[in-house]
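Presented below is the structure to which this report refers.
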Amino acid sequence: MARALNAIAVDELEDEPLPSEGTRIALATTEREHAAASSDTTGTGPSPGPAPPPVALAETTGSLAIPSRAAGHSGWRHLTLWSVATLITAGAVALAVTRPWEAMSPSPTPVAPVTFGPDDCPEGMTYVTGGTFQMGSDPGPEVPMIELPRHPVAVRPFCIDRTEVTVAAYRACEDCDAPAETIDGKEITPNGLEFWSQFCNASVPDRDDHPINCVSWEQAQRFCVARGARLPTEQEWERAARGEDDRIYPWGQAAPSAEVANVCGKECGDHLTRLREALGAAPWPSLHEGNDGAVSTAPVGSFPAGVSPEGALDMAGNVWEWTASAYCRYDEGSCGDPRRVIRGGGWDSPDPDALRVTRRQPGERTARGWSIGFRCAWSPEG
205 MARALNAIAV DELEDEPLPS EGTRIALATT EREHAAASSD TTGTGPSPGP APPPVALAET
265 TGSLAIPSRA AGHSGWRHLT LWSVATLITA GAVALAVTRP WEAMSPSPTP VAPVTFGPDD
325 CPEGMTYVTG GTFQMGSDPG PEVPMIELPR HPVAVRPFCI DRTEVTVAAY RACEDCDAPA
385 ETIDGKEITP NGLEFWSQFC NASVPDRDDH PINCVSWEQA QRFCVARGAR LPTEQEWERA
445 ARGEDDRIYP WGQAAPSAEV ANVCGKECGD HLTRLREALG AAPWPSLHEG NDGAVSTAPV
505 GSFPAGVSPE GALDMAGNVW EWTASAYCRY DEGSCGDPRR VIRGGGWDSP DPDALRVTRR
565 QPGERTARGW SIGFRCAWSP EG
């Protein structure tokens with residue numbers, strides 16, 4: 205079985221205080237990328253497991269039950285998504301000789317009409333119209349298998365937060381855990397824990413308007429439920445990010461820049477490089493040479509030029525975002541994978557692929573990542 209997941213740097217340190225270039229754990233791109241990345245790794249990542257058998261197309265909705273509404277492509281490709289590497293367990297996806305998605309139904313199951321509109325959305329949310337859109341990607345040399353196939357998906361109307369949940373909003377939740385000041389994950393080394401925990405916003409002064417990060421899937425879900433909301437499904441997230449057209453990024457087709465998203469531009473790359481080199485670790489790459497004014501996260505909503513067609517901000521960059529959906533192939537129903545899909549790319553992403561609206565990555569439900577946060581969704585049916 206060919207492995208569809210690929211290496212991004214997860215830093216396994218011995219005597220060095222920061223992640224080294226020597227050891228990397230895999231996270232997914234293409235088989236070609238895997239070959240390129242493995243040439244400079246020690247191959248210490250987790251062993252791939254068997255791919256689950258293909259079943260029916262995953263359901264297009266899958267929400268938590270809510271009783272009521274609340275009031276209120278570059279040379280760095282093999283380094284893609286360093287930010288979540290230490291928090292994600294790599295799996296394997298079958299590169300099937302036959303293409304199971306070709307047998308998928310060409311039409312999604314129709315959804316019953318729901319009568320509510322923009323005025324019904326809770327405060328701070330934007331209304332997303334229901335209907336059918338094309339989710340996923342067409343096959344191509346640069347497209348990870350986990351994004352295939354491109355297929356029609358029907359969603360009901362829903363509301364989604366205009367911005368990511370802030371530190372201040374999370375602190376105000378009486379039913380939530382205290383915000384974490386350290387990261388956590390299965391592959392975290394002691395030195396990596398110390399280094400990356402400095403970017404947890406709850407431990408940094410004057411970050412109330414920044415996105416809450418270093419939060420697990422369970423913590424994110426609990427916050428949304430406490431608001432009378434829920435985490436968005438993966439289908440809802442992509443619909444809110446791309447609208448109804450074939451755009452590559454939430455803002456359109458143009459490559460990421462300092463004007464549209466908070467990703468690892470020159471000032472971020474320089475800052476992380478200085479910190480790492482002071483401790484004997486390798487430099488950190490930049491996605492572009494622009495200066496977006498942030499060396500890590502930025503206050504939510506700081507990039508209005510990057511707004512999605514549905515009025516959602518920061519759907520690319522700042523922090524990756526938890527969704528309610530299990531990390532399964534699109535041609536599967538319930539695959540039993542306990543991991544959850546994260547979307548959107550983060551402030552330290554050095555690869556534009558991380559920001560594409562179709563990009564999907566797995567996150568362990570208990571992992572707390574320095575560049576993972578969330579936003580909530582709401583609909584009358586829960």
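Note that my numbering gives residue 480 to position 276 of the sequence shown, counting from 1, and the numbers run on in steps of one. Yeah, the Cβ is synthetic: ideal placement off N, Cα and C, and Gly gets one too. Here the structure is a predicted model, which is why all the values come from computation and not from measurement.
Answer yes if the stretch 540-559 comes into contact with the stretch 374-394, meaning at least three C-beta pairs across the two stretches below 8 Å, and no otherwise.
no
Per DSSP, what kind of secondary structure is Tyr374 in: helix, strand or coil?
helix
DSSP-derived helix/strand/coil call for Arg443
In this structure, DSSP gives Arg443 a helical state, which the three-state scheme calls helix.
Between which two residues does the beta strand (DSSP E) containing Phe337 stretch?
335-339
Going by CA-CA distance only, name the one from Cys532, Arg560, Glu481, Ser553 that's closest to Ser490.
Ser553
Can you find a heavy atom of the ligand FMN that lies under 6 Å from the Cβ of Asp365?
Judged by which ligands are present, the structure shown has none, so any question about the ligand FMN falls away.
Proximity to Gly567 [Cα-Cα], best of Arg431, Thr527, Asp555, Arg579:
Thr527
I'd like the list of long-range same chain contacts for Cys363, defined as Cβ closer than 6 Å, with 5 residues on each side in sequence excluded.
Cys325, Met329, Tyr331, Trp582
Contact set for Ala458: own chain, Cβ-Cβ below 8 Å, skip 5 residues either direction:
Val464
Keeping to the same chain, check which residues put their C-beta closer than 6 Å to that of Ser401; ignore five residues upstream and five downstream.
Within the same chain, Ser401 has close Cβ partners Thr386, Ile387.
Ends of the alpha helix (DSSP H) at Trp574?
No alpha helix (DSSP H) contains Trp574, which DSSP labels as neither H nor E.
Can you tell me which of Arg431, Glu368, Ala406 puts its alpha carbon nearest to the alpha carbon of Cys180?
What the structure shows of the chain is the stretch from 205 to 586, and residue 180 is not part of that stretch, so it cannot be assessed.
Compare the C-alpha of Trp524 against each of Ile576, Pro345, Ile350 and name the closest.
Ile576
List the residues that DSSP assigns as beta-bridge partners of Met329.
Asp365
With C-beta atoms as the reference, is Thr562 less than 7 Å away from Glu351?
yes
Along the chain, where does the beta strand (DSSP E) containing His355 start, and where does it finish?
355-359
Helix, strand or coil for Ile546? Go by DSSP, reduced to three states.
strand
To which residues of the same chain is Arg426 closer than 6 Å at the C-beta, ignoring the five residues directly before and after it?
Cys380
Of the choices Asp412, Phe578, Tyr531, whose alpha-carbon is the least far from that of Pro503?
Asp412
Taking all protein chains shown into account, do 16 or more other C-beta atoms lie within 10 angstroms of the C-beta of Arg478, making it buried, or fewer, making it exposed?
exposed
Assuming Thr527 is part of the alpha helix (DSSP H), what are its boundary residues?
Run containing Thr527: none in the alpha helix (DSSP H); it sits in the beta strand (DSSP E), 524-530.
Confirm, please, whether the CB-CB distance from Pro513 to Gly447 is below 7 Å.
yes
Residues near Asp342 in its chain [Cβ-Cβ closer than 7 Å; skip 5 each side]
Arg354
Anyone know if the C-beta pair for Cys532 and Ala433 falls short of 7 Å?
no
Coil, strand or helix - Pro508 by DSSP
helix
Where do the N-terminal and C-terminal ends of the alpha helix (DSSP H) with Pro394 fall, by residue?
394-400
Should Ala530 go down as buried or exposed, given a rule of 16 or more other Cβ atoms within 10 Å for buried?
buried
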